[in-house]
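*Asks:* Numbering (our numbering), first residue to last: 173 to 571.
Glycine included, every Cβ here is placed at the ideal spot set by N, Cα and C.
Got a structure for you, questions after.
Laid out in structure tokens, this is it:
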């Protein structure tokens, strides 16, 4: 049937997600501990109590997000805990199934390529299978945040006000996405910036309608304290750009943070200035450059802040581009990139106790090799894009 062919990838992804959920139920693992934090925090907030500074579910289950974010989970209480888990699992699964092919098609449209979607989707899903499964197991919001922020990027030109609102929505969950604001300024997306500037305070002070200004200000203060506590030892966070050299050299302290933030900021600025020069000579490169810049910023976030391992799924747009360009490469370059990609996936996608045992998986996640793998994936994507740009400029590539 035609509709099955059209939605084949979506059906496969959704079917695999449902199968994973059923297996978790059978094995007693359908607990969704992260969702429990949001669910319980929203209950405490709705009862007029602060959700901060207390553990929900597990000893590590502290709520670290804005009070407005917690309110978004209150409708689940209408369903109850078990039906709420099923609903949220289906929501994430459906988003995987629908958005992955949709984003692949949109990225191909921007890159003006026509590579078979099935091949791209297979490579990307394999590369992110560990993060996707963990997102479903824990019931977290990292994929939904990526959907919002990348949808905001897609809508920048056609609906900039809505774009800014989507950026604001992601920021009230995780201020890590503040990294996109300098990019918006450099790219002169003024309408989206204005919308963002208005939407953030509106969202943050929304709970004041029900709880009053004093309680809302208290919640905001406690939220800031929770974030500071979570990122108190950035230089010791093994997968960050600061933690990796600190781990290798044994030198600790905030000096690594200052140094690497300065270096990364300078490199990103120099990279974008180079793009601006390219675009003045050839305006057709603008869409590719914008996509590459925005995707790289999302991908590098887990290397800049102390985050959970599933946040590395924000490399998704970069991996789509990597798959598109790698499938077009030929010769030794394709082999080199392929080997580096495959090696990076050992800590990036397959750091599971089922393969390496609990100690081996913990080492892959906490030794810094996961952060290094993410940097390698970003690096080989940039290499592929650069190589293909040169080939196209020389007329040696057809897509």
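Does the beta-carbon distance from residue 222 to residue 450 come in below 8 Å?
*Replies:* It is not a contact, given that the beta carbons lie outside the stated cut-off.
*Asks:* Looking at the structure shown, is residue 192 part of a helix, part of a strand, or coil, going by DSSP?
*Replies:* Helix.
*Asks:* Look up residue 227 in the DSSP assignment and give the residues it is bridged to.
*Replies:* Partner(s): 234.
*Asks:* In chain order, which beta strand (DSSP E) runs of at least 3 residues are fully inside the region 305 to 369?
*Replies:* Runs found: none.
*Asks:* Is the Cβ-Cβ distance between residue 316 and residue 267 less than 8 Å?
*Replies:* Taking 8 Å as the Cβ cut-off, residue 316 and residue 267 qualify as a contacting pair.
*Asks:* Look up residue 563 in the DSSP assignment and say whether it is helix, strand or coil.
*Replies:* Three-state result, residue 563: helix.
*Asks:* With a 10 Å radius around its C-beta and 16 neighbouring C-beta atoms as the bar for buried, classify residue 360 as buried or exposed.
*Replies:* It is exposed - the Cβ of residue 360 has fewer than 16 other Cβ atoms within 10 Å.
*Asks:* May I have the straight-line CA-CA distance separating residue 569 from residue 271, to the nearest angstrom?
*Replies:* Low confidence applies to residue 569: its pLDDT is 48, below 50, so where it sits in the model is not reliable, and the reading given next is rough at best. Rounded to the nearest angstrom, the two C-alpha atoms are 29 Å apart.
*Asks:* Buried or exposed for residue 197, please, with buried defined as at least 16 other CB atoms from any protein chain shown within 10 angstroms of its CB.
*Replies:* The residue is exposed, with fewer than 16 neighbouring Cβ atoms inside 10 Å.
*Asks:* Return the CA-CA distance between residue 517 and residue 299, expressed in angstroms with no decimal places.
*Replies:* So the alpha carbons of these two residues sit roughly 6 Å apart.
*Asks:* Identify which residue in 384, 255, 182 has its Cα closest to the Cα of residue 294.
*Replies:* For residue 294, the nearest C-alpha among the options comes from 182.
*Asks:* Between the Cα of residue 467 and those of 326, 446, 524, spot the shortest distance and give me the residue it belongs to.
*Replies:* Looking at the Cα atoms, 326 is the closest of the given residues.
*Asks:* Measuring alpha carbon to alpha carbon, tell me which residue in 354, 302, 308, 291 is nearest residue 190.
*Replies:* Comparing Cα-Cα distances from residue 190 to each of 354, 302, 308, 291, the minimum goes to 308.
*Asks:* Less than 8 Å separating the beta-carbons of residue 553 and residue 490?
*Replies:* Yes, the pair counts as a contact, with Cβ atoms nearer than the cut-off.
*Asks:* How long is the line joining the alpha carbons of residue 412 and residue 476, rounded to whole angstroms?
*Replies:* Rounded to whole angstroms, residue 412 to residue 476 spans 5 Å at the Cα level.
*Asks:* Under the three-state reduction of DSSP, which class applies to residue 521: helix, strand or coil?
*Replies:* Correct three-state label for residue 521: coil.
*Asks:* Round the Cβ separation of residue 121 and residue 537 to the nearest angstrom and send it over; I've been treating them as touching at under 8 Å.
*Replies:* Examination of residue 121 is not possible in this model, given that the chain is present from 173 through 571 alone.
*Asks:* Is the separation between the beta-carbon of residue 291 and that of residue 499 shorter than 8 Å?
*Replies:* Yes, the pair counts as a contact, with Cβ atoms nearer than the cut-off.
*Asks:* Could you tell me whether the region 238 to 250 touches the region 205 to 220, using the rule of 3 or more Cβ pairs below 8 Å?
*Replies:* Contact holds: three or more Cβ-Cβ distances are below 8 Å.
*Asks:* Just to confirm, is the Cβ distance from residue 520 to residue 546 under 8 Å?
*Replies:* Against a cut-off of 8 Å, the Cβ pair of residue 546 and residue 520 comes out as a contact.
*Asks:* Give the straight-line distance between the Cα atoms of residue 540 and residue 384, rounded to the nearest whole angstrom.
*Replies:* Distance between the alpha carbons of residue 540 and residue 384 is about 44 Å.
*Asks:* Curious, which full-length alpha helix (DSSP H) runs of at least 4 residues does the region 454 to 500 contain?
*Replies:* For the region 454 to 500, whole alpha helix (DSSP H) runs of length 4 or above, ordered along the chain, are 458 to 476, 488 to 498.
*Asks:* At a Cβ threshold of 8 Å, is residue 307 touching chain D?
*Replies:* Checking the listed chains, one finds no chain D in this structure; it contains a single protein chain.
*Asks:* Could you spell out where the alpha helix (DSSP H) holding residue 215 opens and where it closes?
*Replies:* 205 to 218 is the extent of the alpha helix (DSSP H) around residue 215.
*Asks:* Could you check if residue 219 is buried or exposed, using at least 16 other CB atoms within 10 Å of its CB as the buried criterion?
*Replies:* When all chains shown are included, residue 219 counts as exposed.
*Asks:* Do you know how far the Cα of residue 448 is from the Cα of residue 572?
*Replies:* Missing from the structure shown is residue 572; the chain here goes from 173 to 571 and no further.
*Asks:* Which residue spans inside the region 376 to 414 form an unbroken beta strand (DSSP E) run of at least 3?
*Replies:* Qualifying beta strand (DSSP E) stretches: none in this window.
*Asks:* Would you decide whether residue 143 is buried or exposed? Buried here means 16 or more other CB atoms lie within 10 Å of its CB.
*Replies:* Nothing about residue 143 can be read from this structure; the chain reaches only from 173 to 571.
*Asks:* Closer than 8 Å is the cut-off here; do at least three beta carbon pairs connect the region 366 to 375 with the region 505 to 512?
*Replies:* No: fewer than three Cβ pairs fall under 8 Å.
*Asks:* Consult DSSP for residue 247 and reduce its assignment to one of helix, strand or coil.
*Replies:* Of the three classes helix, strand and coil, the one that applies to residue 247 here is coil, per DSSP.
*Asks:* Alpha carbon to alpha carbon, what distance is there between residue 289 and residue 371?
*Replies:* Near 36 Å, if we compare the C-alpha coordinates of residue 289 and residue 371.
*Asks:* Less than 8 Å between the C-beta atoms of residue 279 and residue 492, yes or no?
*Replies:* Contact: yes.
*Asks:* From residue 195 to residue 201, what does the alpha carbon distance come to, in whole angstroms?
*Replies:* Cα-Cα distance, rounded: 8 Å.
*Asks:* Identify the continuous alpha helix (DSSP H) that holds residue 269 and give its terminal residues.
*Replies:* Here the alpha helix (DSSP H) through residue 269 covers 253 to 283.
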